[in-house]
Amino acid sequence: QYSLVLVAVAVAGFALGFLRNYLTGRVNNWFLYDMRGKVFRHLEDIDVSYVSGERTGRIISLVTNDIEAIGDVATSGTMEVLVGSLTVIGTIYVMVGFHLTLSLATFSMVPLMILVSRYFAKKTREAYRLTREKLSELTVNVEQGVSGSKVSQSFVARREVDSKAFEKVTSETMGANIRARLIFGLVDPSLNAIRATSLAILIIYGGSLVASGAMSVGTLIAFYGYTEMFFRPIITLTTFYSTVQAALAAAERVYLFLGTKPTVVELEGARDIAIERGEIAIEAVSFSYGESAVFEGLDLVVRPAEVVAIVGPTGAGKTTITNLIMRLYDPLSGRILIDGHDSREFTFESLRRQVSLVPQEPILFNETILNNIRMGKREASDGDVMH
């Protein structure tokens, strides 16, 4: 009979353990899916100027490394906090019931534990913030190495520069990570030292109570066991608090990105407008990138069916004009009219569905050639594309 009970307990433990791991995994993957979706959708909404000014590797690191770090703590730590908190509360209740003054003497080291934990949490967060930044720089270097491999291999000097730059950022990333690990590694020994001090207080004070006959040896031994039971989750929780700091360092970067507001926005009252003739009029338009002016008071009219070639040196503003027409940027002053309508009167979808931009460098998305061709007209059939 007892054997059957033990088997039943073992089976129940296995089932509950499996269920816990399965649910934790599900929640973790759901969290990663949701967060990455939010970041990617925000990436599609923010200004082109932000994406152009930000290094691609940093955004890649944000979507992969930083969100992964947040997800690990957000899901795996929930159960630890819940179980640990309940254990601490229950143990305190039992210990106080055993002996109030001995309990208070044992608890006297807890404030020191909290102070030490807060100190290391601050240091850990600073260290992991630097680690995240260095890891982002490393991703930038890898992305540049892949995208610029043809140029790098064509010039020996450039290859040496890239190699040295990669070695430098790799070394800095390793150093930052080692420092963060070192700081984090001091948390557990420090807390255990305080725990040992508390146990010493318990033995000295409890021993005096036993010597005076105020407490039995059995009660002291039982109290010692409960004290161990009390400190075990306390140390786990305080160590986890330091672990959370690494996730918070990553979360700072993610939510700073999500907090970036677009400056080019669809105005209230914007509507779908059909472009029938295709006349474009640029009236007294001024634009600059930061403090660098591209043009001031530009006037240009492109009549329907007219082909216009804009010629000029690099940086003269040729591509900028097309970006302004599509409202990827907004002019500092002046306006752009399409068939007599201010471009800001169009909804983004209406405008960009009717105005096409062919970039200088061909871009192939990670889809079939067929889907790349009909990118601007998803409803086109295979026959439309082929012919």
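Throughout the sequence shown, residue numbering follows the numbering used here, covering 25 to 411 in sequence. Backbone N, C-alpha and C fix where the C-beta goes; we use that ideal spot for every residue, glycine too.
Nearest-angstrom Cα separation, counted from isoleucine 225 out to serine 236: One C-alpha to the other measures close to 17 Å.
Taking just the CA atoms, how far does glycine 61 sit from glycine 336? For glycine 336 and glycine 61, the distance between alpha carbons rounds to 40 Å.
Report, in whole angstroms, the separation of the C-beta atoms of asparagine 89 and leucine 159, which I expect to be a contact under 8 Å. Separation of the CB atoms of asparagine 89 and leucine 159 is rounded to 6 Å, and the pair is thereby assigned contact status at 8 Å.
So for alanine 415, helix, strand or coil by DSSP? In this structure the chain extends from 25 to 411, so residue 415 is not present and cannot be described.
Per the contact definition of three or more C-beta pairs closer than 8 Å, is the region 123-130 in contact with the region 190-209? Output reads no: the region 123-130 does not touch the region 190-209.
Spatial neighbours of asparagine 347 in its chain, beta-carbon cut-off 6 Å, leaving aside the 5 residues before and after: Tyr353.
Isoleucine 362 CB to nearest heavy atom of the ligand ADP below 7 Å: As for the ligand ADP, it is missing from this structure, which has no ligand bound.
Cβ-based burial, methionine 59 [other Cβ within 10 Å; buried from 16]: Here methionine 59 is buried. Its C-beta has 16 or more other C-beta atoms within 10 Å.
Contact belief for valine 112 with phenylalanine 254 at Cβ below 8 Å, rounded distance in angstroms: Here valine 112 really is in contact with phenylalanine 254; their C-beta atoms are around 6 Å apart, less than 8 Å.
Grab me the residues of valine 325's own chain with a C-beta within less than 6 Å of its C-beta, minus the 5 sequence neighbours each way, in chain order. A distance below 6 Å between beta-carbons, with the five flanking residues on each side excluded, links valine 325 to the following residues of its chain, in chain order: Ala305.
Every unbroken alpha helix (DSSP H) within the region 212-248, with a cutoff of 4 residues, ordered by chain: Within the region 212-248, no alpha helix (DSSP H) run of at least 4 residues lies entirely inside it.
Quick test of the definition: if touching needs 3 or more C-beta pairs under 8 Å, does the region 290-298 touch the region 267-282? Touching, no.
Arginine 149 versus glycine 249: straight-line alpha-carbon distance, rounded: Between arginine 149 and glycine 249, the C-alpha separation is close to 34 Å.
One or two residues paired with alanine 305 in a DSSP bridge: As a beta-bridge residue in DSSP terms, alanine 305 pairs with Val325, Leu361.
The alpha helix (DSSP H) that contains asparagine 396, what's its start and end? Here the alpha helix (DSSP H) through asparagine 396 covers 393-397.
Tell me the residue span of the alpha helix (DSSP H) that contains glutamine 378. From DSSP, the alpha helix (DSSP H) with glutamine 378 extends over 372-378.
With a threshold of 7 Å on Cβ separation, who are the neighbours of phenylalanine 208 within its own chain once the five nearest residues in sequence on each side are excluded? Residues Thr148, Ser266 of the same chain have their beta carbon placed closer than 7 Å to that of phenylalanine 208, with the five preceding and five following residues left out of the count.
Alpha-carbon to alpha-carbon, glycine 407 and threonine 13: Because the chain here runs from 25 to 411, residue 13 falls outside it and cannot be looked at.
Under 7 Å Cβ to Cβ from valine 318, same chain only, skipping five residues before and after it: list those, please. Correct list, in chain order: Phe311, Ser312, Gly341, Thr344.
Just verifying my parser: in three-state terms, what is the DSSP assignment at aspartate 58? DSSP places aspartate 58 in the helix class (H, G or I) of the three-state scheme.
Residue from Ala246, Ala151, Glu307 whose Cα sits closest to the Cα of methionine 119: For methionine 119, the closest of Ala246, Ala151, Glu307 by C-alpha to C-alpha distance is Ala246.
State buried or exposed for glutamate 161, treating a residue as buried only when at least 16 other CB atoms are found within 10 Å of its CB. Glutamate 161 sits buried, since 16 or more C-beta atoms from the chains shown fall within 10 Å of its C-beta.
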